[in-house]
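Engineer:
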Amino acid sequence: DTGVSQDPRHKITKRGQNVTFRCDPISEHNRLYWYRQTLGQGPEFLTYFQNEAQLEKSRLLSDRFSAERPKGSFSTLEIQRTEQGDSAMYLCASSKPDPEGYNEQFFGPGTRLTVL
Amino acid sequence: AQSVTQPDIHITVSEGASLELRCNYSYGATPYLFWYVQSPGQGLQLLLKYFSGDTLVQGIKGFEAEFKRSQSSFNLRKPSVHWSDAAEYFCAVGVRENNNDMRFGAGTRLTVKP
Chain A
8 DTGVSQDPRH KITKRGQNVT FRCDPISEHN RLYWYRQTLG QGPEFLTYFQ
58 NEAQLEKSRL LSDRFSAERP KGSFSTLEIQ RTEQGDSAMY LCASSKPDPE
108 GYNEQFFGPG TRLTVL
Chain B
53 AQSVTQPDIH ITVSEGASLE LRCNYSYGAT PYLFWYVQSP GQGLQLLLKY
103 FSGDTLVQGI KGFEAEFKRS QSSFNLRKPS VHWSDAAEYF CAVGVRENNN
153 DMRFGAGTRL TVKP
């Protein structure tokens, strides 16, 4: 079990540029989540996938954000035309079906985005 | 919708002293409750969770938490804090009807004095 991995760990970009982050979940986990965490706050849910299907999106996910999980394994989160307000830590988590009924989420180390 | 409040933004304790971090939630039914720890620049690590049953749950690293329905609380405790416990702690609540909708508190930053 290698855990959830995210790449890159840090990204600095200029306002208006596009950025893409990658998340590799734990191999047997069929659910994958993206969260955003700004300084001094807890993580906020952005979206989640079950296998390759994107089942839920938060209102926080504006039109400039798009997430994909094309083969039901790794996922990408793209931000187009970045704004300074997009500066945050982007966390990925994964889970598998749980007989107790709750999908415990395992988190990756995050990608810290700085928009200059 | 469910929500989580962590009243203490920052707590400082001496090494070896006891610790209690407060968490209050708002939800109409029995929620799923979690405590996570986050070291600087790192992701979140699950300390413990409550789904049902015994209201006192034990976690990793010597932490425990007690679910009190009457107070809508899920406070985290540790009898003797170690310097390595310095980190940010997040309480989270999950919804039984939509178990992908997890809400986090704003976090409590723990500083440990030598």
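One line per chain: the protein sequences are A and B, in this order.
Sequential numbering of the first sequence, starting at 8, is according to our numbering.
Sequential numbering of the second sequence, starting at 53, is according to our numbering.
We put the CB at the ideal spot given by N, CA and C, even for glycine.
Among A/54, A/19, A/106 and A/101, which one has its Cα closest to the Cα of residue 38 of chain A?
Structural biologist: Comparing Cα-Cα distances from residue 38 of chain A to each of A/54, A/19, A/106 and A/101, the minimum goes to A/101.
Engineer: By how many angstroms is the C-alpha of residue 35 of chain A removed from the C-alpha of residue 59 of chain A?
Structural biologist: Approximately 14 Å between the Cα atoms of the pair.
Engineer: Going by the beta-carbon positions, is the gap between residue 20 of chain A and residue 96 of chain A smaller than 9 Å?
Structural biologist: No; because the gap between Cβ atoms is not below 9 Å, this pair is not in contact.
Engineer: Helix, strand or coil for residue 92 of chain A, going by three-state DSSP, please let me know.
Structural biologist: Of the three classes helix, strand and coil, the one that applies to residue 92 of chain A here is helix, per DSSP.
Engineer: What runs of the alpha helix (DSSP H), each 4 residues or longer, lie entirely inside the region 56–138 of chain B?
Structural biologist: You should have found no qualifying run.
Engineer: From A/69, A/70 and A/55, pick the residue whose C-alpha is nearest to that of residue 63 of chain A; which is it?
Structural biologist: Out of A/69, A/70 and A/55, A/55 has the C-alpha closest to the C-alpha of residue 63 of chain A.
Engineer: Anything in chain A within Cβ reach of residue 94 of chain B, meaning under 7 Å, just list it in chain order.
Structural biologist: Ordered by position in chain A, the residues that pass the 7 Å Cβ test against residue 94 of chain B are 116.
Engineer: With which residues is residue 38 of chain A paired in a DSSP beta bridge?
Structural biologist: Looking at the DSSP assignment, residue 38 of chain A forms a beta bridge with A/57 and A/102.
Engineer: Are any of the Cβ atoms in chain A nearer than 9 Å to that of residue 153 of chain B?
Structural biologist: Closer than 9 Å to some Cβ of chain A, the Cβ of residue 153 of chain B qualifies, so yes.
Engineer: Taking 9 Å as the CB-CB cut-off, is residue 13 of chain A touching chain B?
Structural biologist: Yes, contact with chain B.
Engineer: Under 7 Å between beta-carbons, which chain B residues line up against residue 104 of chain A? List them in chain order, please.
Structural biologist: The contacting residues do not exist; residue 104 of chain A stays about 10 Å from chain B at best.
Engineer: I'd like to know whether the C-beta of residue 100 of chain B is nearer than 9 Å to at least one C-beta of chain A.
Structural biologist: Cβ-Cβ to chain A under 9 Å: no for residue 100 of chain B.
Engineer: Quick check: is the beta carbon of residue 110 of chain B nearer than 9 Å to any beta carbon in chain A?
Structural biologist: Taking Cβ atoms only, chain A never reaches closer than 9 Å to residue 110 of chain B, which makes this a no.
Engineer: Can you tell me whether DSSP reads residue 145 of chain B as helix, strand or coil?
Structural biologist: Strand, per DSSP.
Engineer: So, using beta-carbon positions, are residue 118 of chain A and residue 23 of chain A closer together than 9 Å?
Structural biologist: Against a cut-off of 9 Å, the Cβ pair of residue 23 of chain A and residue 118 of chain A comes out as no contact.
Engineer: Would you decide whether residue 71 of chain A is buried or exposed? Buried here means 16 or more other CB atoms lie within 10 Å of its CB.
Structural biologist: Burial call: exposed.
Engineer: Got a sec, what are the start and stop residues for the beta strand (DSSP E) residue 13 of chain A sits in?
Structural biologist: It spans 12–14 - the beta strand (DSSP E) in which residue 13 of chain A sits, taken as one unbroken run.
Engineer: Could you work out which residues of chain A lie near residue 53 of chain B, taking near to mean beta carbons separated by less than 9 Å?
Structural biologist: In chain order: nothing, as chain A lies at least about 11 Å away.
Engineer: Taking only beta carbons into account, state which residues of the region 61–91 of chain B come closer than 9 Å to chain A, listed in chain order.
Structural biologist: Correct list: 61, 84, 86, 88 and 90.
Engineer: What did DSSP end up calling residue 113 of chain A once you bin it into helix, strand or coil?
Structural biologist: If DSSP states are grouped into helix, strand and coil, residue 113 of chain A belongs with the strands.
Engineer: What residue range is occupied by the uninterrupted beta strand (DSSP E) comprising residue 84 of chain A?
Structural biologist: Residues 82–86.
Engineer: Going by C-alpha distance, which of B/71, B/139, B/76 and B/65 is nearest residue 155 of chain B?
Structural biologist: When only C-alpha atoms are compared, the closest one is B/76.
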